[in-house]
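Peer 1:
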Amino acid sequence: MIIRHATEADLPKVVAIYNAAVPGRMATADLEPVSVESRRTWFSTRSSSKNPLWVIEVEGVVAGWLSLQSFYGRPAYHATAEVSIYIATKYHRHGLGKQLLSQAINQSPSLGIKNLLGFIFAHNHPSLQLFEKFGFQNWGYLPKVAELDGVERDLVILGRRI
-10 MIIRHATEAD
0 LPKVVAIYNA
10 AVPGRMATAD
20 LEPVSVESRR
30 TWFSTRSSSK
40 NPLWVIEVEG
50 VVAGWLSLQS
60 FYGRPAYHAT
70 AEVSIYIATK
80 YHRHGLGKQL
90 LSQAINQSPS
100 LGIKNLLGFI
110 FAHNHPSLQL
120 FEKFGFQNWG
130 YLPKVAELDG
140 VERDLVILGR
150 RI
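This is the structure we're talking about:
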């Protein structure tokens, strides 16, 4: 298993892993799959020194990814990043999320990041448990802010000071 910075050649796999999460209504507020083309601009903002996108490989196969992105898009929040983690269904419960989140925590100081945030649906218990195992605490709760297939869903904001 290795964790490395994503390359443009990884983008189709990154998008496929993301799109596999859409129907489950647990990890993303997108209601329809996204295209590789629609994610090119997002990918172009990734860099190893700011807003990294890491992929985790298992036996040469991209099995998941983690990205750090700016929180709220204002300069005063430069030391706070939002964490997104997606794992291919085949690799759920194999500890890949733990490895990726550990990578993010360990690399945050060298990226100038002092706070990490996770925006997680309240019904996504596996993700909530993962973040809580790494010392993230409840920093916010937004009731009924998303509607997924006619069901209103709450959003939990978990944070950790690095």
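Under this note's numbering, the letters of the sequence shown match residues -10 to 151, in that order.
Note that CB positions come from ideal geometry on N, CA and C, so glycine has one too.
#1: Hey, could you find the ends of the beta strand (DSSP E) glycine 129 is sitting in?
#2: Enumerate in chain order the residues of its own chain whose CB-to-CB distance from alanine 111 is below 6 Å, with the five nearest sequence positions on each side excluded.
#3: How is the alpha helix (DSSP H) around alanine 10 delimited, first residue to last?
#4: Look up phenylalanine 120 in the DSSP assignment and say whether it is helix, strand or coil.
#5: Give a single yes or no on whether serine 38 has its beta carbon closer than 7 Å to a heavy atom of the ligand ATP.
#6: For isoleucine 45, which of Phe60, Val3, Glu26 and Ser38 has the nearest alpha-carbon?
#7: Can you look up phenylalanine 110 in the DSSP assignment and give me helix, strand or coil?
#8: Is the segment 65 to 73 in contact with the segment 45 to 57, if contact means three or more CB pairs nearer than 8 Å?
#9: Kindly confirm or deny that the segment 75 to 87 and the segment 96 to 108 touch, where touching means at least three C-beta pairs closer than 8 Å.
#10: Please report how far the alpha carbon of alanine 5 lies from the alpha carbon of arginine 150, in whole angstroms.
#11: How far does the alpha helix (DSSP H) with glycine 86 in it reach, from first residue to last?
#12: Helix or strand or just coil, what does DSSP make of tyrosine 75?
#13: If contacts are defined as beta-carbon pairs under 8 Å, then glutamine 88 and methionine -10 qualify, I think. What distance do you get, rounded to the angstrom?
#14: Out of Leu42, Ala52, Gly148 and Val50, which has the shortest C-alpha to C-alpha gap to alanine -5?
#15: CB-CB under 8 Å to glycine 53, same chain, minus the five flanking residues each way: which ones, in chain order?
Peer 2: The answer reads as follows:
#1: Here residue 129 is taken as the residue at index 140 of the sequence shown, counted from 1. First-last of the beta strand (DSSP E) with glycine 129: 126 to 137.
#2: Taking the first residue of the sequence shown as position 1, residue 111 is located at position 122. Hits under 6 Å: Asp143 and Val145.
#3: In the sequence shown, residue 10 corresponds to position 21, counting from 1. That run of the alpha helix (DSSP H) goes 0 to 10.
#4: Translated into positions along the sequence shown, residue 120 becomes position 131. Helix.
#5: For the structure depicted, the ligand ATP is absent and the ligand set is empty, with no information on it obtainable.
#6: Taking the sequence shown and counting its residues from 1, one reaches residue 45 at position 56. Checked all of Phe60, Val3, Glu26 and Ser38; the closest Cα to isoleucine 45 is Val3.
#7: Residue numbering aside, residue 110 sits at position 121 when the sequence shown is read from its first letter. Correct three-state label for phenylalanine 110: strand.
#8: yes
#9: no
#10: Numbered from 1 along the sequence shown, position 16 holds the residue referred to as residue 5. Numbered from 1 along the sequence shown, position 161 holds the residue referred to as residue 150. Near 31 Å, if we compare the C-alpha coordinates of arginine 150 and alanine 5.
#11: Taking the sequence shown and counting its residues from 1, the one referred to as residue 86 is at position 97. Per DSSP, glycine 86 belongs to the alpha helix (DSSP H) from 85 to 96.
#12: By one-based count along the sequence shown, residue 75 stands at place 86. DSSP places tyrosine 75 in strand when its eight states are reduced to three.
#13: Along the sequence shown, read from residue 1 onward, the residue named residue 88 stands at position 99. Along the sequence shown, read from residue 1 onward, the residue named residue -10 stands at position 1. That belief holds up - the Cβ atoms of glutamine 88 and methionine -10 are roughly 7 Å apart, short of 8 Å.
#14: As a working note, residue -5 is residue 6 in the sequence shown. Taking only the C-alpha atoms, the option nearest alanine -5 is Leu42.
#15: The sequence position of residue 53 within the sequence shown is 64, counting from 1. Within the same chain, glycine 53 has close Cβ partners Ile6, Val44, Ile45, Ile74, Tyr75, Ile76, Ala77, Tyr80, Leu85, Gly86 and Leu89.
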